[in-house]
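Written below as structure tokens is the structure these notes are about.
Protein chains: 2
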Amino acid sequence: MIEMKGRIQLSHGAGGTIMSNLIRDVILSRISIRKIERGVGLDEFDDGATVPLNEEEIVVTGDAYTVSPIFFPGGDIGKLAVCGTINDLAVMGAKPIAMMDNIVVEEGFLIEDLERIIDSMNNIMKEVGVALIHGDFKVMPKGKLDGIIISMAGLGMLYKGKPILDSGLRDGDKIIVSGSIGEHGIVIASLREGISFKTKVVSDVAPLWNLMKRAMDAGEVTAAKDPTRGGLSMALNELASRSNVSIWIKEEDIPINEEVKGACEMLGLDPLELACEGRAVIGVREEDADEILKAIRGTEEGRDARIIGYVKRDRPGYVIMETIVGGMRIINPPLGEPTPRIC
Amino acid sequence: MIEMKGRIQLSHGAGGTIMSNLIRDVILSRISIRKIERGVGLDEFDDGATVPLNEEEIVVTGDAYTVSPIFFPGGDIGKLAVCGTINDLAVMGAKPIAMMDNIVVEEGFLIEDLERIIDSMNNIMKEVGVALIHGDFKVMPKGKLDGIIISMAGLGMLYKGKPILDSGLRDGDKIIVSGSIGEHGIVIASLREGISFKTKVVSDVAPLWNLMKRAMDAGEVTAAKDPTRGGLSMALNELASRSNVSIWIKEEDIPINEEVKGACEMLGLDPLELACEGRAVIGVREEDADEILKAIRGTEEGRDARIIGYVKRDRPGYVIMETIVGGMRIINPPLGEPTPRIC
Chain C
1 MIEMKGRIQL SHGAGGTIMS NLIRDVILSR ISIRKIERGV GLDEFDDGAT
51 VPLNEEEIVV TGDAYTVSPI FFPGGDIGKL AVCGTINDLA VMGAKPIAMM
101 DNIVVEEGFL IEDLERIIDS MNNIMKEVGV ALIHGDFKVM PKGKLDGIII
151 SMAGLGMLYK GKPILDSGLR DGDKIIVSGS IGEHGIVIAS LREGISFKTK
201 VVSDVAPLWN LMKRAMDAGE VTAAKDPTRG GLSMALNELA SRSNVSIWIK
251 EEDIPINEEV KGACEMLGLD PLELACEGRA VIGVREEDAD EILKAIRGTE
301 EGRDARIIGY VKRDRPGYVI METIVGGMRI INPPLGEPTP RIC
Chain Y
344 MIEMKGRIQL SHGAGGTIMS NLIRDVILSR ISIRKIERGV GLDEFDDGAT
394 VPLNEEEIVV TGDAYTVSPI FFPGGDIGKL AVCGTINDLA VMGAKPIAMM
444 DNIVVEEGFL IEDLERIIDS MNNIMKEVGV ALIHGDFKVM PKGKLDGIII
494 SMAGLGMLYK GKPILDSGLR DGDKIIVSGS IGEHGIVIAS LREGISFKTK
544 VVSDVAPLWN LMKRAMDAGE VTAAKDPTRG GLSMALNELA SRSNVSIWIK
594 EEDIPINEEV KGACEMLGLD PLELACEGRA VIGVREEDAD EILKAIRGTE
644 EGRDARIIGY VKRDRPGYVI METIVGGMRI INPPLGEPTP RIC
């Protein structure tokens, strides 16, 4: 056992507060130029950044995908990488238009698996109308990498002229969750634990551009996030602290599959902390909430959408849940996603 | 020994013809939308892609960096990643303005090494005036990744209103190499082999935006490439075949350090096939060649620049070298960079 002090631990990449602190202290504090003038940059910690040009403002985002196993019920690392990139742009209020991929594979990786992954990427890109315009391909010697890492960059155009930011929530806004939570997380966690469910749960991984577009068309979206690493709990806490408001949710209104609940009990996991890869948490103006909810429910990915809570000015930074058994509970940001290599 | 048929081999990531074929057959052929309308995309196989907007055209690029060892004489993986991204934009004729990084590290990675790498990235970004506007950070469990992979995306603005493409060479153009070749490649190869040189060679890794800007200010640049994986040999072959011309070079005019020559003899390597990380191969109009050479030589990175050859219309796709011993030799594209994890 090596001494772990001064070393990176799994929790440093798990999307929770330990990761936020590392990024702030080790990375952000060392970078001199952290944004383009008038743009959204590193300091905002948002789902993407913006590049204001003379006439237009574009949105960019990027993530590295390391999920294990690479094929899972409902998707694979390729679908995940493309959806994740589309979703980060979509929740910034940007229509995805172009992507780049940097693929690193281990020597000995099956070419037919690579083909299957590329096909899967292409299916989503074609569906959403996004171009893959550039890429890189590297091979690591056998034993130096477990399988494959797909790193993505995405570029989109603002749909309503300005970005949707985590800091946009205002007093009285309603909070919508676009579907049942935790399915991606529980699928990956259960594959690791070797659990098989009676009713098969599949990953929720899906592209959310259509859903976000419909929502924006139906009313004013004030903030949005896709709750990946750290789950709904992390996403709500980030929204509350960056918007300097409190978010009040009702446990009974949060859509969670019975199978997910059961698996969470077996594995000792909190569904609120499980990653979703095809869900959005959306803040909307109170007066537009019903119209937007209707619009979201009209999409394939959003048919189980629910209003789960609302925003208040007091107690800024807090997420507070009215539990089913009664009483209020503060939902703290998780330290980290419980399952490594979830995405 | 596993059967390697149908599996990825090191040569598939080595930047040569084996890699080009894999990318064409396995990736490109499966992607439906490969460019933005009016833009440069996947099919061009260039150093970047372009995104034409209403008023402007931006250039984007990306690469994943896997170099081993991560610290080497003259630089480290952070400097390499930032320079590589800047250089891909620069040789497309774009002023680098913004970057994103996706960093994946192995559990147990030293935080002080990460800090050193980030400092090194920042030094170059600050020098060139590029912002880091977004990033991702992931951790792989111990044993699942050897150290660190840094994946970069870069975004730049066209400096002269149109991109510099590999297909731009015309009959009569001169070919300039911006400095002595193969130093990065030989440093990494020699570290692997445990060779120590009497006179220390250091990696040539450096940002080339200033050099490319000076060159464009001094005259017409018709094509440019940074000769990384596959070295000068690959870069010239790519230019010749994409421009549908032949390139004629003189061996005695190619700048190569004596130490690099010696090490190549010891290791059985061809200096023309060794990666450079701070050099550009630049095609220029014949009448502008002297002015552009002078401008390049006025920069720190370009002080050893030389005109090494010229372009002809006949024998398209060929690179032909007049050797020092006399006679002509066809320079074929390498199958792959001889050293894995060179960049």
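Those protein sequence lines, which keep their order, are chains C and Y.
Residue 30 in the working numbering sits at position 30 of the first sequence, with consecutive numbering throughout.
Residue 371 in the working numbering sits at position 28 of the second sequence, with consecutive numbering throughout.
Where is the CB? At the ideal position from N, CA and C, for every residue including glycine.
Bear in mind the structure is a predicted one, so any value in this text is a computation, not a measurement.
Exposed or buried, what is residue i when buried is set at 16 or more other beta-carbons lying within 10 Å of its beta-carbon?
i	result
D560 of chain Y	exposed
K261 of chain C	exposed
P659 of chain Y	exposed
D314 of chain C	exposed
E300 of chain C	exposed
M671 of chain Y	exposed
K517 of chain Y	buried
N244 of chain C	exposed
G179 of chain C	buried
N87 of chain C	buried
N345 of chain C	Residue coverage of chain C in this structure runs from 1 to 343, which leaves residue 345 of chain C outside it and unanswerable.
L110 of chain C	exposed
Helix, strand or coil for residue i per DSSP?
i	result
I70 of chain C	coil
G478 of chain Y	strand
M4 of chain C	coil
G16 of chain C	coil
I342 of chain C	coil
I493 of chain Y	strand
L488 of chain Y	strand
L678 of chain Y	coil
E37 of chain C	coil
S375 of chain Y	coil
G231 of chain C	helix
D204 of chain C	coil
V369 of chain Y	helix
I124 of chain C	helix
D386 of chain Y	helix
K503 of chain Y	coil
D119 of chain C	helix
L554 of chain Y	helix
E353 of chain Y	Per the sequence presented here, residue 353 of chain Y reads as Leu, with Glu not at that position. Three-state DSSP puts L353 of chain Y in a helix.
What does residue i touch in chain Y if you count any residue whose Cβ is under 8 Å from its own?
i	result
M125 of chain C	I374, S375 and I376
M321 of chain C	Simply none; closest approach about 28 Å.
V26 of chain C	I454, L457, E458 and I461
I97 of chain C	I379 and V394
N257 of chain C	Within 8 Å Cβ-Cβ: nothing; N257 of chain C doesn't reach chain Y, min ~27 Å.
E286 of chain C	Chain Y residues near E286 of chain C: none, gap ~31 Å exceeds 8 Å.
E345 of chain C	Any property of residue 345 of chain C remains undetermined from this structure, which presents chain C solely from 1 to 343.
Find the residues of chain Y that neighbour residue i, judging by a C-beta separation of less than 7 Å, and give them in chain order.
i	result
H131 of chain C	The residue asked about is misnamed: residue 131 of chain C is Ala in this sequence, not His. Chain Y residues near A131 of chain C: I376, R377, K378, I379 and G384.
N210 of chain C	Chain Y residues near N210 of chain C: none, gap ~17 Å exceeds 7 Å.
P338 of chain C	Near P338 of chain C there are no residues of chain Y at all, since even the closest Cβ is about 14 Å away, more than 7 Å.
S151 of chain C	A407, N445 and S494
R273 of chain C	Looking at the sequence provided, one finds Glu at residue 273 of chain C rather than Arg. Those do not exist, as E273 of chain C stays about 17 Å from chain Y at its closest Cβ, beyond 7 Å.
Which residues of chain Y have a Cβ atom closer than 9 Å to the Cβ of residue i, listed in chain order?
i	result
M234 of chain C	Neighbours of M234 of chain C on chain Y: none; closest Cβ ~14 Å, over 9 Å.
N122 of chain C	R373, I374, S375 and I376
Cβ of residue i less than 8 Å from any chain B Cβ?
i	result
L53 of chain C	Note that chain B does not occur in the displayed structure, where the protein chains are C and Y.
Based on the DSSP output, what are the partners of residue i in its beta bridges?
i	result
M328 of chain C	C:E322
L155 of chain C	C:V60 and C:A98
V221 of chain C	C:V284
M483 of chain Y	Y:E449
Which chain C residues are close to residue i, counting only those with a beta carbon under 8 Å from its beta carbon?
i	result
G349 of chain Y	L110, I111 and E112
F480 of chain Y	H12, G13, M19, L22, I23 and I27
H477 of chain Y	G41, L42, G48, A49, V60, T61 and G62
N430 of chain Y	None at all; the shortest Cβ gap to chain C is about 13 Å.
Could you work out which residues of chain C lie near residue i, taking near to mean beta carbons separated by less than 7 Å?
i	result
P677 of chain Y	Those within 7 Å of P677 of chain Y in chain C number zero; the least Cβ separation is about 15 Å.
L498 of chain Y	V51 and V60
Can you pull the chain C residues whose beta carbon is under 9 Å from the beta carbon of residue i, in chain order?
i	result
M483 of chain Y	L10, G13, T66, S68, L145, D146, I149, P340 and R341
V448 of chain Y	I8, H12 and G13
Uninterrupted beta strand (DSSP E) stretches inside the stretch 237-317 of chain C (no shorter than 3 residues): The stretch 237-317 of chain C is shown to contain whole beta strand (DSSP E) runs of 3 or more residues at 246-250, 281-284 and 306-312, in chain order.
Entirely enclosed beta strand (DSSP E) segments - the stretch 510-540 of chain Y, minimum 3 residues: Whole beta strand (DSSP E) segments, 3+ residues: 517-520.
Secondary structure, alpha helix (DSSP H): runs of 4+ residues fully inside the stretch 50-117 of chain C: Listed in chain order, the complete alpha helix (DSSP H) runs (minimum 4 residues) inside the stretch 50-117 of chain C are 77-90.
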